[in-house]
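Residue numbers (my numbering): 6 to 513. Beta carbons: idealized from backbone N, C-alpha and C, even for Gly. These figures come from a predicted structure and were not determined experimentally.
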């Protein structure tokens, strides 16, 4: 399908939303509709100067935007740009706005013919478990709708109910969100499950979106840094915006700040359901029986069901409960028994992927990259291998989420017998300095700490150290096949492939 938008339409939309400052054409400044406003029609929208042509509408966005990017775009034929600044030396129509990100959203909505209005949308937030819950929810709704459910997750994107594409962000940029929504609608999708990160609200990627159902899984300290959230209060505030932009909410009654979330729902007049492991007054209660099995009870109807998950980890029982609740809001006739059957074999790339070495040692590969998630994975590993040592291999990303480093050290102190500190997307920082920050927070003197900057070598050493009773947790990278170094995504085998190759070599 071909999409388009004209300059007069752009002006009308921005005026209506009170975002327009002025339109500058050949040095003449305009605000009100006028026959002097060109009827130029655009067939493409982008914020990447390498993608433009004469039919493109170009958005100058981001802290790192440079005028040279605009000059490059104009050299490639660009005739119009949208920006918070007027670049008077650039020969193109300037649409100057008060907020580039809000402008990008409202224009993308119009350009792609408001695809969000054609989809039943389910949004998931939380410090951990977003991706797993998104996969579980997608599986359930895909079954209910005969494969008419799209998925936006940090791991994969599905626009036709089945074909998986690798994702780059938990929540895409606004232009990508609406382009992908439009593609999903073209593909006859009726439902969409998506992760919504705190950054998505912080930098307005989901500005203007109201979700049919929102899920708030949990909250812990993460993403605290000068380039993300300056404080935990800011992080929680951004997470909490999901409540104000959802028609119904599903809340974990066991998490910190639950009362605040309830107050927010009540003040905003948003209906909510709750789930809990501990509280008998929650709408749904789950009781863990093993790493794979739990009992789920609908407290309103007194229905109970034993559920078996293919996924490892008691913490996934909360994720599965939230997913089932969301699916039952889509179709109230979905039985707990059928939901359990639909979830019994779901797996999630890079999340609690379990392997066993030839000697019986357990290896868990997981994306765990903060205190809450590393604690949860470690707890699962210890339950599966209660009599042996726990070997944790981890690192922390460079240039962001600086609070993770002491938090990872704290989790290691509480859980590990041996810790390998290594690379995890160091970007422009030195692996050694990141590792030292984590090490400084490891206060348990009985933990053996090993520094190895090469991640593959660290993994091989950790696997070689494991005996039959050991559990090895490879945390942080999951199934990722690149590692970010000096601004570039360098090829990387992935933790999973390294483990598989090690096991294959054992058998050879």
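Length of the line joining the Cα atoms of residue 522 and residue 233
Residue 522 lies beyond the residue range present for the chain, which begins at 6 and ends at 513; the question has no answer from this structure.
Based on the DSSP secondary-structure assignment, which residues constitute the bridge partners of residue 219?
128, 254
Verify whether the separation of the beta carbon atoms of residue 362 and residue 508 is less than 9 Å.
yes
According to DSSP, what are the bridge partners of residue 86?
63, 99
Using only CA atoms, which one of 112, 263, 137 lies nearest to residue 212?
112
Can you tell me whether residue 400 is buried or exposed? The criterion is at least 16 other CB atoms within 10 Å of its CB, across all chains shown.
buried
Would you say residue 228 reaches chain B, if we count a Cβ-Cβ gap shorter than 9 Å as a contact?
Considering every chain present, this structure includes no chain B. It has just one protein chain.
Measure the CB-CB distance between residue 247 and residue 219 and report whether it falls below 9 Å.
yes
DSSP state of residue 303 mapped onto helix, strand, coil:
strand
Within its chain, find whatever has a CB closer than 6 Å to the CB of residue 498; leave out the 5 residues flanking it on each side and keep chain order.
none
Does DSSP put residue 239 in a helix, a strand or coil?
helix
Would residue 57 pass as a contact of residue 12 if the rule is Cβ separation under 9 Å?
no
Along the chain, where does the beta strand (DSSP E) containing residue 397 start, and where does it finish?
Residue 397 -> beta strand (DSSP E) spans 395 to 399.
For residue 257, which option in 215, 410, 163, 320 has the closest C-alpha, if you only look at C-alpha atoms?
320
Which residues does DSSP pair with residue 196 in a beta bridge?
125, 154
Count the other C-beta atoms from every protein chain shown that fall within 10 angstroms of the C-beta of residue 358, then say buried if there are 16 or more, exposed otherwise.
buried
Would you mind listing the beta strand (DSSP E) stretches within the stretch 331 to 399 that are 3+ residues and don't spill past its ends, in chain order?
358 to 361, 367 to 371, 395 to 399
Can you tell me the Cβ-Cβ gap for residue 180 and residue 84, rounded? I've got them flagged as a contact below 8 Å.
Incorrect: roughly 18 Å between the Cβ atoms, too far for contact.
Can you tell which of 398, 103, 495, 315 has its C-alpha closest to the C-alpha of residue 379?
398
Classify residue 376 as buried or exposed, calling it buried when 16 or more other Cβ atoms lie within 10 Å of its own Cβ.
buried
Same chain, Cβ closer than 8 Å to residue 187, five either side skipped, listed in chain order
6, 8, 117, 118, 120
Using the Cα positions of residue 266 and residue 245, report the straight-line distance between them to the nearest angstrom.
7 Å
Taking only heavy atoms of the ligand ADP into account, decide whether any of them is closer than 8 Å to the Cβ of residue 361.
Because no ligand of any kind appears in the structure shown, any question about the ligand ADP cannot be addressed here.
Residues near residue 282 in its chain [Cβ-Cβ closer than 8 Å; skip 5 each side]
Around residue 282, the same chain offers 259, 290, 291, 292, 293, 322, 323 as residues with beta carbons nearer than 8 Å, after the five sequence neighbours per side are excluded.
Would you check if the stretch 85 to 97 and the stretch 190 to 200 touch, i.e. whether three or more CB-CB distances between them fall below 8 Å?
no
Inter-stretch contact (C-beta, 8 Å, three-pair minimum) for the stretch 441 to 458 and the stretch 336 to 349
no
Ranges of the alpha helix (DSSP H) found wholly within the stretch 411 to 448, counting only runs of at least 4:
DSSP assignment within the stretch 411 to 448 yields the following whole alpha helix (DSSP H) runs of 4 residues or more, N-terminal first: 436 to 445.
Check whether the stretch 450 to 462 touches the stretch 422 to 439, counting contact only when three or more Cβ pairs, one atom from each stretch, lie closer than 8 Å.
The stretch 450 to 462 makes contact with the stretch 422 to 439; the number of CB pairs closer than 8 Å reaches 3 or more.
Flag this pair as touching only if the stretch 85 to 93 and the stretch 140 to 152 have three or more C-beta atom pairs under 8 Å; answer yes or no.
no
Cβ shell of residue 326 (< 7 Å), same chain only, five flanking positions each side left out
For residue 326, where only same-chain residues beyond five positions count, the Cβ hits under 7 Å are 280, 289, 291, 301.
Can you name, in chain order, every residue of its own chain whose Cβ lies under 7 Å from the Cβ of residue 35, other than the five neighbours on each side?
So the list reads 27, 28, 41, 42, once near-sequence residues are dropped.
Give me the Cα-Cα distance between residue 54 and residue 106, rounded to the nearest whole angstrom.
17 Å
Whole angstroms is fine: what's the gap from residue 33's alpha carbon to residue 495's?
47 Å
Quick one: what's got a C-beta closer than 8 Å to residue 459's C-beta in the same chain, skipping five residues either side?
427, 428
Cβ-based neighbour list, residue 252, same chain, cut-off 6 Å, excluding 5 preceding and 5 following:
Annotation for residue 252: 217 place their beta carbon closer than 6 Å to its own, counting only its chain and skipping 5 residues before and after.
Classify residue 276 as helix, strand or coil using the three-state DSSP reduction.
In the structure shown, residue 276 sits in a strand (DSSP, three-state: E or B).
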